[in-house]
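Just so you know, we're using the UniProt record's numbering here: the sequence shown kicks off at 1 and counts up by one. We treat Cβ as the ideally placed atom computed from N, Cα and C, and that holds for glycine. See structure below.
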Amino acid sequence: MKKEKTKLRSLRRRAHADVTRKRVKKLLQASESDQETFHKIVNAQRKVVNDNGSTAFVIDGNEYLQPKEILSIWKKHFETLATPPVSEDPNDNIHLPNEIIYENEIQSGKPLEKVSNKEIEEAIRNLNTEKAPNQDGIAAEHIKSAKNELTPVITDIINTILIK
Numbered sequence: 001m002k003k004e005k006t007k008l009r010s011l012r013r014r015a016h017a018d019v020t021r022k023r024v025k026k027l028l029q030a031s032e033s034d035q036e037t038f039h040k041i042v043n044a045q046r047k048v049v050n051d052n053g054s055t056a057f058v059i060d061g062n063e064y065l066q067p068k069e070i071l072s073i074w075k076k077h078f079e080t081l082a083t084p085p086v087s088e089d090p091n092d093n094i095h096l097p098n099e100i101i102y103e104n105e106i107q108s109g110k111p112l113e114k115v116s117n118k119e120i121e122e123a124i125r126n127l128n129t130e131k132a133p134n135q136d137g138i139a140a141e142h143i144k145s146a147k148n149e150l151t152p153v154i155t156d157i158i159n160t161i162l163i164k
């Protein structure tokens with residue numbers, strides 16, 4: 001995606017440079033031949049609102065030229081970014097964090113390893129005590145006291161997630 005954006009910007013700069021060269025060439029030819037055409041071209045250049053070459057936005061096949069149109073496009077874009085889509089089912093994106101972790105691990109080139117009971121026991125041992133319980137009323141002390149029963153269950157759950 002980044003390469004495509006870079007390529008697009010490069011093409012825009014080239015197109016702008018070509019337009020500028022043609023304009024300067026026409027301006028120089030007009031200044032040599034007659035003063036009236038020369039001044040018309042100079043005045044036309046002064047009236048250009050946006051002289052950085054990006055006078056038009058093309059989005060979904062629609063071309064936007066006016067500054068107000070471009071501002072409304074940016075406004076709509078940032079409103080869309082700032083407002084996450086509302087989902088009626090809270091479980092719609094429940095697998096998303098796992099998929100992101102899985103993709104990151106696949107891209108790193110390291111194979112996903114199963115979690116051992118010892119790792120789970122160590123994680124339970126390192127839980128912070130004297131903290132507020134979660135929304136279900138389960139505190140770290142509860143998990144620590146049920147370590148022997150919970151360790152194999154948590155290990156199976158995590159390994160099942162990693163395998164999928």
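Looking only at C-alpha atoms, which of GLU105, ILE161 and ILE143 sits nearest to ASN128?
As a position in the sequence shown, residue 128 is number 128, starting the count at 1. When each option's Cα is compared against that of ASN128, the closest is ILE143.
Can you tell me which of the three DSSP states LYS2 falls into?
Taking the first residue of the sequence shown as 1, we reach residue 2 at position 2. Note: LYS2 maps to helix in three-state DSSP.
In three-state DSSP terms, what is HIS142?
One-based indexing of the sequence shown puts residue 142 at position 142. In this structure, HIS142 counts as helix in the three-state DSSP scheme.
With DSSP run on the structure shown, which of helix, strand or coil describes ASP156?
Along the sequence shown, read from residue 1 onward, the residue named residue 156 stands at position 156. ASP156: helix per DSSP, three-state reduction.
Thinking C-beta only, is ASN117 closer than 8 Å to PRO152?
As a position in the sequence shown, residue 152 is number 152, starting the count at 1. As a position in the sequence shown, residue 117 is number 117, starting the count at 1. For PRO152 and ASN117, yes; Cβs fall inside 8 Å.
Can you grab the Cα-Cα spacing for the pair ASN126 / GLU141, in whole Å?
Translated into positions along the sequence shown, residue 126 becomes position 126. Translated into positions along the sequence shown, residue 141 becomes position 141. In a straight line, the C-alpha of ASN126 is about 11 Å away from that of GLU141.
Can you give the Cα-Cα distance for residue 167 and ALA146, rounded to whole angstroms?
In the structure as shown, the chain starts at 1 and stops at 164, and residue 167 therefore has no counterpart that could be examined.
Using a threshold of 7 Å, is the CB atom of SER108 nearer than that to any non-hydrogen atom of the ligand ADP?
The ligand ADP is not part of this structure, which contains no ligands at all.
From what residue to what residue does the alpha helix (DSSP H) around THR80 run?
One-based indexing of the sequence shown puts residue 80 at position 80. Segment 67-82, the alpha helix (DSSP H) holding THR80.
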